[in-house]
RNA sequence: GGAGAGGUGGCUGAGUGGUCGAAAGCGGCGGUCUUGAAAACCGUUGAGGGGAAACCCUCCCAGGGUUCGAAUCCCUGCCUCUCCGCCA
């Protein structure tokens, strides 16, 4: 959520910056609502003040043993007038709040202009696309040939966009999680957390998935539903919801491995083959919660922490800066890490590292006490995948495949897997 | 699942329906003292919003209700704790 005060003060500039990400802000409508709000609020507060003053007088008169009858008569109609004014104001405030909640974050000044992913800016490339002396298979053919990756049986159990992994692949999958968590906790200074996979509405609201992206979420059917987390970002970032974190505890650096559940509504026909887009997948997430002045540096650092995993696994990748049009709702700036997939002959997203500024913090009321002023100030939040486990598995299978169908184990995983080849 | 207790400011914790946004303590900040620090003492210190300002409004888990007036009374929900049962 943006700062309503700031929007009000500079509506035009806000609209211009939002236009960079293809969002048309209805300036006239907001202005009209705002004007109405001001009038209503003033009126309501005047009535509330009158009620308070009168009630106090009655109390004092009673204490002094005087008759309160005449005073009560004066107050007669006040209650109803106040009730009506409050109701009207609340309706308007709710409406205004709904508008505000629907507005995406302002893009950072460094965000490239553009409509969609074709306009993203490549920042750097690390490694070269893997070369083969034979025609490489994609992970579906590889997995099927080895009998370790079964989409048919998963479809029987659940439906499309699910997978069953077996034997060495299931083991590799688990090893990757272990490897990523080890690196982030032991070398990058993150604290590992274990969190709920089912969360309440407030949590999804805090990180910005709700109310706008309800249709992307899986939810239980309780009257007060639980939501299956679409990413660990939700439970982990919400650790500081409604908190005033003491300055000494900052920065907070958390990492968590969780499954993620997404409906993938609106992606019909996209990545229908293979492991790339599933309703359920594992991810190791990195989250940093920092004072505003440190957030840009933290965003760069977190991105490099995610990159470190790709580097250790010797997977070729590139870093792109998302253009305005491709930016997620809550993000002010995002770097995507794209790994080389020989099976697709393309770079594909394997991590998305986003800077949210105070956008999520404002929704969550996540604050810290400023060391100088002692006043609560909004924190900044940053997160990124480090990495998406399923896609990393795909990348290893495709980049490390041998002509005989075996898969070479990346050196970095040898301590965990204790074998040089799968197959 | 059964029985009970409770949710108040950064924390602990008082609060007879009427100057209660809330005692007290801790913590924080400022000061006195000190070469410096500690201790002691004095002062100060909740959050959000409106307003140029004076000042005003809202908030004592959440949502309703009673009342001229609710932290305090009533209803509903959520959460926490204790005991019993069950259980990975």
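Residue numbers (this note's numbering): 183 to 605.
Heads up, the beta-carbon is just placed ideally off N, CA and C, and yes, glycines get one too.
Contact belief for residue i with residue j at Cβ below 8 Å, rounded distance in angstroms
{"i": "residue 328", "j": "residue 587", "result": "7 Å"}
{"i": "residue 434", "j": "residue 411", "result": "With a Cβ gap of about 19 Å, residue 434 and residue 411 do not count as contacting."}
{"i": "residue 546", "j": "residue 423", "result": "4 Å"}
{"i": "residue 440", "j": "residue 414", "result": "4 Å"}
{"i": "residue 580", "j": "residue 539", "result": "Contact flag wrong, Cβ pair sits at about 36 Å."}
{"i": "residue 560", "j": "residue 544", "result": "6 Å"}
{"i": "residue 598", "j": "residue 360", "result": "6 Å"}
Spatial distance of residue i from residue j (CA atoms)
{"i": "residue 282", "j": "residue 317", "result": "53 Å"}
{"i": "residue 426", "j": "residue 437", "result": "21 Å"}
{"i": "residue 418", "j": "residue 266", "result": "42 Å"}
{"i": "residue 609", "j": "residue 501", "result": "For the chain, the structure presents residues 183 to 605; residue 609 sits outside this window and is missing."}
{"i": "residue 311", "j": "residue 557", "result": "51 Å"}
{"i": "residue 228", "j": "residue 264", "result": "9 Å"}
{"i": "residue 602", "j": "residue 568", "result": "24 Å"}
{"i": "residue 254", "j": "residue 224", "result": "24 Å"}
{"i": "residue 358", "j": "residue 583", "result": "17 Å"}
{"i": "residue 523", "j": "residue 454", "result": "16 Å"}
{"i": "residue 208", "j": "residue 386", "result": "26 Å"}
{"i": "residue 241", "j": "residue 256", "result": "14 Å"}
Beta-carbon contacts of residue i that lie in its chain and below 8 Å, excluding the five residues immediately before and after
{"i": "residue 553", "result": "429"}
{"i": "residue 445", "result": "397, 398, 399, 400 and 461"}
{"i": "residue 375", "result": "418, 421, 436, 437 and 438"}
{"i": "residue 394", "result": "283, 284 and 511"}
{"i": "residue 222", "result": "267, 270, 271 and 274"}
heavy atom of the ligand GDP below 7 Å from residue i C-beta
{"i": "residue 594", "result": "Annotation note on the ligand GDP: not contained in the displayed structure, which lists no ligands."}
Sub-8 Å separation of residue i and residue j beta-carbons
{"i": "residue 495", "j": "residue 570", "result": "no"}
{"i": "residue 575", "j": "residue 432", "result": "no"}
{"i": "residue 185", "j": "residue 537", "result": "no"}
{"i": "residue 305", "j": "residue 517", "result": "yes"}
{"i": "residue 366", "j": "residue 487", "result": "yes"}
{"i": "residue 377", "j": "residue 409", "result": "no"}
{"i": "residue 325", "j": "residue 351", "result": "yes"}
{"i": "residue 250", "j": "residue 244", "result": "yes"}
{"i": "residue 363", "j": "residue 466", "result": "yes"}
{"i": "residue 193", "j": "residue 213", "result": "yes"}
Own chain, CB closer than 6 Å to residue i, minus 5 neighbours either side, in chain order
{"i": "residue 505", "result": "294, 296, 301 and 302"}
{"i": "residue 204", "result": "507"}
{"i": "residue 336", "result": "344, 345 and 346"}
Contact set for residue i: own chain, Cβ-Cβ below 7 Å, skip 5 residues either direction
{"i": "residue 338", "result": "none"}
{"i": "residue 321", "result": "456, 457, 525, 576, 579 and 580"}
- Item | Contained alpha helix (DSSP H) runs [length at least 4] in the stretch 546 to 595, N- to C-terminal order | 571 to 581
- Completely contained alpha helix (DSSP H) runs for the stretch 275 to 363, where each covers 4 or more residues: 321 to 328 and 333 to 339
- Ordered list of beta strand (DSSP E) runs contained in the stretch 396 to 478, each at least 3 residues: 434 to 443 and 462 to 472
- Message: Suppose only complete runs of 4+ residues qualify. What are the alpha helix (DSSP H) ranges in the stretch 364 to 397, listed by chain order?
- Response: 383 to 389
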